[in-house]
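Written out below as structure tokens is the structure these notes cover.
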């Protein structure tokens, strides 16, 4: 089976069932299942995420991006410090960057206060962290390739054309 | 009282109406149906291209361009043809037209005199025949065959060449069959034509949509560049049908005449579309690759499903159509498409709409989401099961 095709299909529709995928690819459900397990085991598929526009709910929600300057450790580079940051459940994504600060941390929280507490009490005190710059997200327009709140045009092609 | 019958040109009256017209009217009465009938991509035009168009409008690029098209675009077209198909043209051998359709019209009008014969392999796109007859030409058909995967062969062409033959239309990748010509097919056809006074009108509008085979233009074969009018455009490869932009490249003498006709009837192709097209040629390889990948998944899906349900379907290597043989249903292609529409509300186009040799087949377009295709295939399967009893 062509794993790339499985990945293409799941990238477009993470909710596609094993049955759907088997039907589309003309493979047995057993084979599709094995292929997906293998992709998950090898951390090629790392998760299946739902894109939620929290602004449309009544729940409190605030996202922030934090530039973190840090010092590498002898023997471990940035990996150890990255792991310490990544383990906090508030952190939704973490990347090592080129440019002015070493890390970019995205966090999801309920209130600004929570963000401030996270930065002041958890992030900044980590050994090796030199400084932080916190940026609050005001509004999201596109998340993981999905346009937020921008309607896709409906198919208005002629039903029959040459 | 005026007698319009006397007024309207006899040739225009006799011109073959588009074969899909009748079916179009039937489907129009069932707007809720699931259609597999379109001849255009489902993807939006890539954003970079749309952005370039908007930018050109902001800058006030709203005037006529030169008749033959923007020089920058014509140069990019030659670069693109070189990069993609290793073809060498000068920019003044390029004329920019209102879709590939206008280029077809111009090419035939530039060549034909009363009684000249044009060889047209069928099934094929619906406009070659009516434009030929309107221009006074005489269509000479070749019925391509399912056992050849709907490729026209050099031998079939040789059999219909006469001293009146002025041109041959080669339309590959083909609408409606999805057929492509392989290197060896093109070589044989080139060998046949290279010493003859016959022009090839090579409609390559689907050239970027091939699967498992790289498109080659007949213009690249020895002795053929001087005999080929290559027509291509932006509609299918770049998903730009509504922008109405195509082009022709070919021998200077013929292109100049085409530009002269174009001057009188069109003036110049849409300016906004031309600015957008420059970006399409320069920056959109990834977009094409993305679309081709999606089409390929759908293509494989449709071919397999149709064969599984008992409609023999050869594996098409180009465009975005499959062309199942429906004779096992004991219906004509018209009857099949009409019954499928009435009983299951699925619209497909009878193969006969694309010429006599399309009888016994139907055209199914896969320019739709997989979800849409799966529902349609489910219904076609039900339709076959119910009609087998």
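Protein chains in written order, with my numbering: chain P, 1 to 162; chain S, 1001 to 1389. Heads up, the beta-carbon is just placed ideally off N, CA and C, and yes, glycines get one too. Predicted model only: the values in this text are computed from it and were never measured.
Same chain, Cβ closer than 7 Å to residue 1362 of chain S, five either side skipped, listed in chain order: On the second chain, position 362 is the one that residue 1362 of chain S refers to. If we look at residue 1362 of chain S and ignore the five residues flanking it on each side, its Cβ neighbours are 1324, 1326, 1333, 1336, 1337, 1348, 1349, 1350, 1351.
Take the Cβ of residue 141 of chain P as the centre, count every other Cβ of all protein chains shown within 10 Å, and call the residue buried at 16 or more, exposed below.
As a working note, residue 141 of chain P is residue 141 in the first chain. By the 10 Å Cβ count, residue 141 of chain P comes out exposed.
Limits of the unbroken beta strand (DSSP E) element including residue 1233 of chain S
Here residue 1233 of chain S corresponds to residue number 233 of the second chain, with the count starting at 1. Its beta strand (DSSP E) spans residues 1228–1233.
- [ ] Give the C-beta separation of residue 66 of chain P and residue 147 of chain P to the nearest angstrom, bearing in mind that I take them to be a contact with Cβ-Cβ under 8 Å.
- [x] As a first step, residue 66 of chain P must be located in the first chain, where it is residue number 66. As a first step, residue 147 of chain P must be located in the first chain, where it is residue number 147. Actually they are not in contact, since the Cβ atoms of residue 66 of chain P and residue 147 of chain P sit about 25 Å apart, beyond 8 Å.
Residue 103 of chain P: first and last residue of the uninterrupted alpha helix (DSSP H) it sits in
For the purposes of this step, residue 103 of chain P is taken as the residue at position 103 of the first chain. Not the alpha helix (DSSP H): residue 103 of chain P falls in the beta strand (DSSP E), residues 103–109.
Contact list for the segment 106–123 of chain P against chain S, Cβ threshold 9 Å: none
Kindly indicate the opening and closing residues of the alpha helix (DSSP H) around residue 1290 of chain S. Walking along the second chain from the start, residue 1290 of chain S turns up at place 290. Counting along the chain, the alpha helix (DSSP H) containing residue 1290 of chain S begins and ends at 1285–1308.
From the DSSP output, in three-state form, read off residue 46 of chain P for me. Counting from 1 along the first chain, the entry for residue 46 of chain P is found at position 46. Coil at residue 46 of chain P, not helix or strand.
Based on Cα-Cα distance, which residue from P:155, P:154, P:107 lies nearest to residue 134 of chain P?
-> Counted from its first residue, the first chain places residue 134 of chain P at position 134. Closest option to residue 134 of chain P, Cα to Cα, is P:107.
Residue 113 of chain P, buried or exposed, once every other Cβ within 10 Å from all chains shown has been counted against 16: Residue mapping note: residue 113 of chain P aligns to position 113 of the first chain, counting from 1. Flag for residue 113 of chain P reads exposed.
**Item:** Within 7 Å of chain P by C-beta, residues of the segment 1338–1364 of chain S in sequence order
**Value:** 1347, 1349
**Request:** Identify which residue in S:1377, S:1359, S:1341, S:1376 has its Cα closest to the Cα of residue 1030 of chain S.
**Result:** By one-based count along the second chain, residue 1030 of chain S stands at place 30. Considering only alpha carbons, the answer is S:1341.
Worksheet item: Among residues of its own chain, excluding the 5 on either side of residue 1381 of chain S, which ones have a beta-carbon nearer than 6 Å to its beta-carbon?
Response: Along the second chain, one-based indexing puts residue 1381 of chain S at 381. Counting only Cβ-Cβ distances below 6 Å, and skipping sequence neighbours, we find 1309.
| Any idea if residue 1105 of chain S is buried or exposed, counting beta-carbon neighbours within 10 angstroms, 16 or more meaning buried? | For the purposes of this step, residue 1105 of chain S is taken as the residue at position 105 of the second chain. So residue 1105 of chain S counts as buried.
Segments assigned alpha helix (DSSP H), at least 4 residues, entirely inside the segment 1165–1232 of chain S: 1183–1193
Next item on the list: For the segment 1288–1317 of chain S, enumerate the residues whose C-beta is nearer than 7 Å to any C-beta of chain P, in chain order.
Entry: 1293, 1297, 1301, 1304
Against chain S, which members of the segment 25–45 of chain P pass a CB distance test of less than 7 Å? 26
Notebook entry, point to check: Relative to the C-alpha of residue 48 of chain P, which residue among P:105, P:100, P:12 is closest?
Noted result: Mapped onto the first chain, residue 48 of chain P falls at position 48. Cα-wise, what sits closest to residue 48 of chain P is P:12.
Residues near residue 54 of chain P by beta carbon distance below 7 Å, same chain, minus five either side
Locating residue 54 of chain P in the first chain gives position 54, where the first residue counts as 1. The residues are 61.
_Residue interval of the alpha helix (DSSP H) (run including residue 1383 of chain S)_ = By one-based count along the second chain, residue 1383 of chain S stands at place 383. Residues 1370–1388.
Members of the segment 1034–1045 of chain S near chain P, C-beta cut-off 8 Å: 1035, 1037, 1038, 1039, 1040, 1042, 1044
Residue 1034 of chain S beta carbon less than 7 Å from that of residue 1280 of chain S: Working through the second chain from its first residue, we reach residue 1280 of chain S at position 280. Working through the second chain from its first residue, we reach residue 1034 of chain S at position 34. It is not a contact, given that the beta carbons lie outside the stated cut-off.
Under 7 Å between the Cβ atoms of residue 84 of chain P and residue 126 of chain P? Here residue 84 of chain P corresponds to residue number 84 of the first chain, with the count starting at 1. Here residue 126 of chain P corresponds to residue number 126 of the first chain, with the count starting at 1. Yes, the Cβ-Cβ distance between residue 84 of chain P and residue 126 of chain P is below 7 Å.
Problem - Min CB distance residue 62 of chain P to chain S below 7 Å - result: Taking the first chain and counting its residues from 1, one reaches residue 62 of chain P at position 62. No, no contact with chain S.
*State whether the segment 1160–1167 of chain S contacts the segment 1112–1125 of chain S, with contact taken as three or more CB pairs (one from each stretch) at a distance under 8 Å.*
yes
Q.
Excluding the 5 residues flanking residue 1136 of chain S on each side, which residues of the same chain have their C-beta closer than 8 Å to its C-beta?
A. Within the second chain, numbered from 1, the residue matching residue 1136 of chain S stands at position 136. Hits under 8 Å: 1011, 1112, 1113, 1114, 1115, 1116.
TODO: Would you check if the distance between the CB atom of residue 1255 of chain S and the CB atom of residue 1093 of chain S is smaller than 7 Å?
DONE: The residue labelled residue 1255 of chain S in the question sits at position 255 within the second chain. The residue labelled residue 1093 of chain S in the question sits at position 93 within the second chain. The answer is yes: Cβ separation under 7 Å.
Just list the residues that DSSP pairs residue 63 of chain P with in beta bridges. Walking along the first chain from the start, residue 63 of chain P turns up at place 63. Bridge partners of residue 63 of chain P: P:108.
For a contact defined as C-beta to C-beta under 7 Å, what are the partners of residue 142 of chain P on chain S?
Residue mapping note: residue 142 of chain P aligns to position 142 of the first chain, counting from 1. Under the 7 Å cutoff, chain S gives no residues; its nearest Cβ is about 12 Å from residue 142 of chain P.
Suppose you measure from the CA of residue 1153 of chain S to the CA of residue 154 of chain P; what does that come to, to the nearest Å? One-based indexing of the second chain puts residue 1153 of chain S at position 153. One-based indexing of the first chain puts residue 154 of chain P at position 154. Taking the straight line joining both Cα atoms gives about 42 Å.
### Query
For the candidate residues S:1007, S:1206, S:1071, whose alpha-carbon lies nearest to that of residue 1041 of chain S?
Translated into the one-based positions of the second chain, residue 1041 of chain S becomes position 41. It is S:1206 whose Cα lies nearest to the Cα of residue 1041 of chain S.
For residue 1247 of chain S: DSSP bridge partner residues: If you number the second chain from 1, residue 1247 of chain S lands on position 247. S:1096, S:1232, per the DSSP bridge assignment.
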